[in-house]
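The sequence shown begins at 1 in UniProt numbering and counts up by one.
Worksheet for the structure shown next.
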Amino acid sequence: MGIEFADVTKRYPDGTVAVDGLSMTIEDGTITVFVGPSGCGKTTSLRMINRMVEPTSGRVLLDGKDVRDSDPAVLRRGIGYVIQHAGLFPHRTVLDNVATVPLLSGWGKRKARDRAAELMEIVGLPAELGKRYPAQLSGGQRQRVGVARALAADSPVLLMDEPFSAVDPIVREGLQDELLRLQSQLGKTIVFVTHDIDEAVRLGDRVAVMRVGGKLAQYGTPSDVLRSPVDDFVASFVGKDRGYRGLSFVDSAGVEVKDVATVRVGEPVPAPVSDWLLAINDADQPRGWLPPESTVEGSLTEGDLVAGGSLYQQGTAIRGALDAALSSPAGLGVVADAEGRVVGVVTARQVLDVIEGRS
Ligand SMILES: Nc1ncnc2c1ncn2[C@@H]1O[C@H](COP(=O)(O)OP(=O)(O)OP(=O)(O)O)[C@@H](O)[C@H]1O
């Protein structure tokens, strides 16, 4: 089910223009991510799809039909919706929260609960939590219940407003992976809001970068946005490509691995530090990153370092290379051999080039 914004503007009663002349088409079966700084109109745009917010002018079309022609309650029942603070029913058990929509759709209690149990497993919740009440869960667990509940609706359109923002990075990555895996099976039209560009390029088939004032700054594939930002705002939002050069070779997955400047923990650091330096230990394993402009008195200690991102092990699935690049504070994904020794680095752009067959 595709979605179209046709010159949509939303001005709130106090005069705030939250969305200004938005025109874009969201393709059926894709994940489209609205990303941008706080207050740029992402949530407002999302809520105009299910009529929680009505446009001041312009039209929102769902499957070619103006959403204003649908009864809001009926429209919302047919669209899954996940929000940051999951909005669970406090007096229902977790299992019954997840089973809400199947029950409303007339499934028997048993079947609805079986499905809910399956969904809990899918989002990584232990079965025994099903008997608890939402207040007895951590924030991250509640969030996963919210995702499971929205998936239970099994609607062709899923709206997700910062669904993973409140969970810790490891859990968040797991949820992102689950979402991608589910999406590869289900092919829903997912509209996802985040302020996190890494999350946006990781999840999005298309990324819509918005700027404050409710204007669409750029709309394209993650690689379009990373490779060819249309202006300085988008360029600074997606982060600069640090253009590393050096000796390189091509990994078995086709990624060109470049040299990286390293410093060793326990040894003095030559001044000045003008770029990110990768800190390694005596076994040549990565320990973290030393930021530009750092001053280190005496020998380098782990306390001087910024924690590194994930490691990409040479020859493993290329996805890991992208994760390593996107999760690295230096924008450089660390490539390691089977013993965890540093081989070199890759950038997200390089990996995207390989994925797209352009290099
Ligand atoms: N009900 C409202 N009344 C008045 N102004 C509002 C209302 N809701 C949102 N706004 C304003 O509209 C603008 C866009 O808000 P919106 O929540 O859509 O942005 P956002 O990009 O989702 O931000 P965030 O990432 O902080 O949630 C902001 O300036 C916000 O203050």
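For each residue, glycine too, the CB sits at the ideal point set by N, CA and C.
For V212, which three-state DSSP category applies? Coil.
Would DSSP call R242 helix, strand or coil? Because R242 carries a pLDDT of 26, less than 50, the predicted location of this residue cannot be relied on, and the following value inherits that uncertainty. The DSSP-derived three-state label of R242 is coil.
Looking only at C-alpha atoms, which of K10, I3 and P13 sits nearest to T25? Residue I3 is the option with its Cα nearest to T25.
Locate the alpha helix (DSSP H) running through T347, then write down its first and last residues. Counting along the chain, T347 falls outside any alpha helix (DSSP H), and DSSP gives it neither H nor E.
Taking DSSP's pairing of strands, which residues face T32 in a bridge? Beta-bridge analysis with DSSP links T32 to V191 and R206.
Ligand 1 and A18: does the residue's C-beta get closer than 7 Å to at least one heavy atom of that ligand? For A18, the shortest C-beta to heavy atom distance toward ligand 1 is below 7 Å.
Report the rounded CA-to-CA distance for R206 versus P268, giving the unit in angstroms. R206 and P268 have their C-alpha atoms some 45 Å from each other.
Compute the beta-carbon to beta-carbon distance between I49 and Q183, rounded to the nearest angstrom, for a pair I have assumed lies under 8 Å. With 8 Å as the limit, I49 and Q183 do not qualify as a contact, their Cβ atoms being about 18 Å apart.
Beta-bridge partners of D161, as assigned by DSSP: In the DSSP output, where bridge partners are listed per residue, D161 has V193.
Rounded Cβ spacing between M1 and T189 (contact assumed at less than 8 Å): Contact flag correct, Cβ pair sits at about 5 Å.
Environment of S138 [buried if 16+ CB atoms lie within 10 Å]: It counts as exposed.
Exposed or buried, what is I170 when buried is set at 16 or more other beta-carbons lying within 10 Å of its beta-carbon? Answer is exposed; the Cβ neighbour count stays below 16.
So S23 is in the beta strand (DSSP E); what residue range does that whole segment cover? Note, S23: beta strand (DSSP E), V17 to I26.
Cβ neighbours of G146 in the same chain (closer than 8 Å, five flanking residues each side left out): Only residues of its own chain outside the window of five on either side were considered, and among them V82, I83, A86, G87, L88 and P163 have a CB closer than 8 Å to the CB of G146, listed in chain order.
Given 7 Å as the limit, tell me if T32 has its C-beta closer than that to any heavy atom belonging to ligand 1. False, no ligand heavy atom lies under 7 Å from that Cβ.
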